[in-house]
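**Student:**
Residue numbers (the working numbering): 65 to 181.
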């Protein structure tokens, strides 16, 4: 055989095998890589959902904090308003706790009971 005929025969055999092997390799890659690609896609979707959920949670926390702040401000305004009304009415505010009373003892009773120490 001549060198040219050998090259032509080798090329024909190579191309004939490639006609069969390329579709087989493509199908194998499709079935092997499809689950991997689906797993990566679902992971990215979940990661995006988690970020969106964290953003919503942060916004809700800020709104709750703002509502608590407004509630405190309203309570302080109500207390100040009640205090001003009492001041303008001229009433004295009662002591929040009663004053302590010292029990009175007679002089003879205090001398009769010795202090044990």
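Yeah, the Cβ is synthetic: ideal placement off N, Cα and C, and Gly gets one too.
Fair warning: this is a prediction, and the values are worked out from it, not measured in the lab.
Mapping the DSSP letters down to three states, classify residue 166 as helix, strand or coil.
**Tutor:** Within the chain shown, the letter at position 102 stands for residue 166. Looking at residue 166 - three-state DSSP - the assignment turns out to be coil, as it is neither helix nor strand.
**Student:** Taking only three categories from DSSP, how would you classify residue 113?
**Tutor:** Taking the first residue of the chain shown as 1, we reach residue 113 at position 49. Three-state DSSP puts residue 113 in a helix.
**Student:** Return helix, strand or coil for residue 66, following the three-state DSSP convention.
**Tutor:** Looking up residue 66 in the chain shown gives position 2. If DSSP states are grouped into helix, strand and coil, residue 66 belongs with coil.
**Student:** In three-state terms, what does DSSP make of residue 161?
**Tutor:** Translated into the one-based positions of the chain shown, residue 161 becomes position 97. In the structure shown, residue 161 sits in coil (DSSP, three-state: anything other than H, G, I, E or B).
**Student:** Compute the Euclidean distance between the alpha carbons of residue 148 and residue 141, then round it to the nearest angstrom.
**Tutor:** The count along the chain shown starts at 1 and reaches residue 148 at position 84. The count along the chain shown starts at 1 and reaches residue 141 at position 77. Residue 148 and residue 141: Cα-Cα distance of roughly 10 angstroms.
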